[in-house]
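Undergrad:
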Amino acid sequence: SPAESAGERGPVVLYPDCYMAYNHPEVGKAAVRVLESLGYAVSVPDINCCGRPALSQGMVVHARENAAANVDALSEFAAVDVPVVTVEPSCASALAEYDDLLSDPGGLPDVSATVASFLYERVVAGNLELPESDTAETVAFHGHCHSTAKGWDHAPVALLRLAGYEVEPVDSTCCGMAGSFGYEIEHYDLSMAIGDDLEARLDATDVDRVAVSGASCSQQLIDRAVETDHPMELLEEVLA
């Protein structure tokens, strides 16, 4: 059981992004249960926003203050080489770029791109095996822009397939939300047009579920009455 196996593979820190903390905690809970079911002891620290929203609006000083506070809060884990993982790709990219944002990042933690990347790296290395389920569900996968740009999309797709899902990556670009971009009145029409294209591509698939790796993508689709799941939620259903 997860309770019996949690910790046998060592500790890991799950960074609590803002959307997970305040809007959709189910994603974080799913990630914790998946990690625990695979043998990891999970810590969720009390920590600030990663700074990505502030940085995207040109609020560099505020982003730098958040980064410095977060490095300090994570230093105890960095000192003993505990990996830090996230469910949100934009937070993973922000945390990984703290050495550029701070003149003296100090005890910068080892940030794996996402929970999916953390797990898939260990699968590839032969250090972790996912139990295959008997699910027959088909899944369309849309990757977050940061995840796509960083080359991280293969990890959730591969993990879902290893767990028994039949996954069809959608040939799509940005969802149109792009963080705060889609909320700005001057960008609303463009955001909706891009969202229309993604919705049409999803409608063209014949699948049971839609998986998206980013909160902004999920919100864009939810507002269009398209039900979405984070890859961790799908993995939880068959693993945890």
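In this note's numbering, the protein residues as written are 30 to 269. By construction, the Cβ of each residue, glycine as well, lies at the ideal position given by its N, Cα and C atoms. Just so we're clear, the structure is a prediction, and the values are computed from it rather than from any experiment.
Please state the DSSP three-state secondary structure of Val-152.
TA: As a first step, residue 152 must be located in the sequence shown, where it is residue number 123. Note: Val-152 maps to helix in three-state DSSP.
Undergrad: Please tell me whether Ser-242 and Ser-176 are closer than 8 Å, where the distance is taken between their beta carbons.
TA: As a first step, residue 242 must be located in the sequence shown, where it is residue number 213. As a first step, residue 176 must be located in the sequence shown, where it is residue number 147. For Ser-242 and Ser-176, yes; Cβs fall inside 8 Å.
Undergrad: Quick check on Thr-202: buried or exposed, where buried means 16 or more other Cβ atoms within 10 Å of its Cβ?
TA: Along the sequence shown, read from residue 1 onward, the residue named residue 202 stands at position 173. Exposed, because fewer than 16 other Cβ atoms sit within 10 Å of the Cβ of Thr-202.
Undergrad: For Val-152, which of Ala-107, Ala-192, Ala-125, Ser-162 has the nearest alpha-carbon?
TA: One-based indexing of the sequence shown puts residue 152 at position 123. Comparing Cα-Cα distances from Val-152 to each of Ala-107, Ala-192, Ala-125, Ser-162, the minimum goes to Ala-192.
Undergrad: To the nearest angstrom, report how far apart Ala-92 and Asp-129 are at their CA atoms.
TA: By one-based count along the sequence shown, residue 92 stands at place 63. By one-based count along the sequence shown, residue 129 stands at place 100. Computed Cα separation, rounded: 12 Å.
Undergrad: When we look at the beta-carbon of Ser-209 and count the other beta-carbons within 10 Å, is it buried (16 or more) or exposed?
TA: For the purposes of this step, residue 209 is identified with residue 180 of the sequence shown, where counting begins at 1. Exposed, because fewer than 16 other Cβ atoms sit within 10 Å of the Cβ of Ser-209.
Undergrad: Taking a contact to mean a Cβ-Cβ separation below 8 Å, would you say Arg-38 touches Gly-68 in this structure?
TA: In the sequence shown, residue 38 corresponds to position 9, counting from 1. In the sequence shown, residue 68 corresponds to position 39, counting from 1. Closer than 8 Å, so yes.
Undergrad: Taking the beta carbon of Thr-115 as the centre, do at least 16 other beta carbons fall within 10 Å, making it buried, or is it exposed?
TA: As a first step, residue 115 is located in the sequence shown; it is residue number 86 there, counting from the start. Buried, because 16 or more other Cβ atoms sit within 10 Å of the Cβ of Thr-115.
Undergrad: To the nearest angstrom, how far is the alpha carbon of Leu-250 from that of Met-49?
TA: Your numbering for residue 250 matches position 221 in the sequence shown. Your numbering for residue 49 matches position 20 in the sequence shown. One C-alpha to the other measures close to 17 Å.
Undergrad: Taking a contact to mean a Cβ-Cβ separation below 8 Å, would you say Ile-76 touches Ala-107 in this structure?
TA: The residue given as residue 76 occupies position 47 in the sequence shown. The residue given as residue 107 occupies position 78 in the sequence shown. Cβ atoms of Ile-76 and Ala-107: not closer than 8 Å.
Undergrad: With a threshold of 8 Å, are at least 3 pairs of Cβ atoms found where one atom belongs to the segment 255-269 and the other to the segment 182-192?
TA: Segments in contact, yes.
Undergrad: Ala-83 to Asp-163, Cα distance in whole Å?
TA: By 1-based counting over the sequence shown, the position of residue 83 is 54. By 1-based counting over the sequence shown, the position of residue 163 is 134. For Ala-83 and Asp-163, the distance between alpha carbons rounds to 44 Å.
Undergrad: Which residue spans inside the segment 145-211 form an unbroken beta strand (DSSP E) run of at least 3?
TA: Those beta strand (DSSP E) runs which fall completely within the segment 145-211 and span 3+ residues are 167-171, 195-198.
Undergrad: For Leu-219, which residues of its own chain have a beta-carbon under 6 Å away from its beta-carbon, when the five flanking residues on both sides are left out?
TA: Mapped onto the sequence shown, residue 219 falls at position 190. For Leu-219, where only same-chain residues beyond five positions count, there are no Cβ hits under 6 Å.
Undergrad: What residue range is occupied by the uninterrupted beta strand (DSSP E) comprising Arg-238?
TA: Here residue 238 corresponds to residue number 209 of the sequence shown, with the count starting at 1. Taken as a continuous stretch (DSSP letters only), the beta strand (DSSP E) holding Arg-238 covers 238-241.
Undergrad: Tell me which same chain residues have a C-beta within less than 6 Å of the C-beta of Gly-36, skipping the five on either side of it?
TA: Here residue 36 refers to the residue found at position 7 of the sequence shown. So the list reads Ala-70, once near-sequence residues are dropped.
Undergrad: What distance in whole Å lies between the Cβ atoms of Ala-121 and Ala-142, which are believed to be in contact at a cut-off of 8 Å?
TA: For this step, residue 142 is matched to residue 113 along the sequence shown. For this step, residue 121 is matched to residue 92 along the sequence shown. At roughly 5 Å, the Cβ-Cβ gap stays under 8 Å, so Ala-142 and Ala-121 are in contact.
Undergrad: Along the chain, where does the alpha helix (DSSP H) that runs through Ser-132 open and close?
TA: Walking along the sequence shown from the start, residue 132 turns up at place 103. Careful: Ser-132 lies outside any alpha helix (DSSP H) and carries neither H nor E.
Undergrad: Taking the alpha carbon of Leu-227 as the point to measure from, which residue in Ser-247, Asp-237, Tyr-212 has its own alpha carbon closest?
TA: In the sequence shown, the residue the question calls residue 227 occupies position 198. Residue Ser-247 is the option with its Cα nearest to Leu-227.
Undergrad: Give me the Cα-Cα distance between Asp-110 and Glu-266, rounded to the nearest whole angstrom.
TA: For the purposes of this step, residue 110 is taken as residue 81 along the sequence shown, with counting starting at 1. For the purposes of this step, residue 266 is taken as residue 237 along the sequence shown, with counting starting at 1. Answer to the nearest angstrom: the Cα atoms are 30 Å apart.
Undergrad: Is it buried or exposed, Pro-160, if we count other Cβ atoms within 10 angstroms and call 16 or more buried?
TA: Within the sequence shown, residue 160 is the residue found at index 131, counting from 1. Label assigned to Pro-160: exposed.
Undergrad: Kindly indicate which three-state DSSP category Tyr-44 falls into: helix, strand or coil?
TA: The residue given as residue 44 occupies position 15 in the sequence shown. The answer is coil: DSSP assigns Tyr-44 none of H, G, I, E or B.
Undergrad: Starting from Ala-108 and walking both ways along the beta strand (DSSP E), at which residues does that stretch end?
TA: Sequence index remark: in the sequence shown, residue 108 carries index 79 (1-based). Where Ala-108 is concerned, there is no enclosing beta strand (DSSP E), given that its DSSP letter is neither H nor E.
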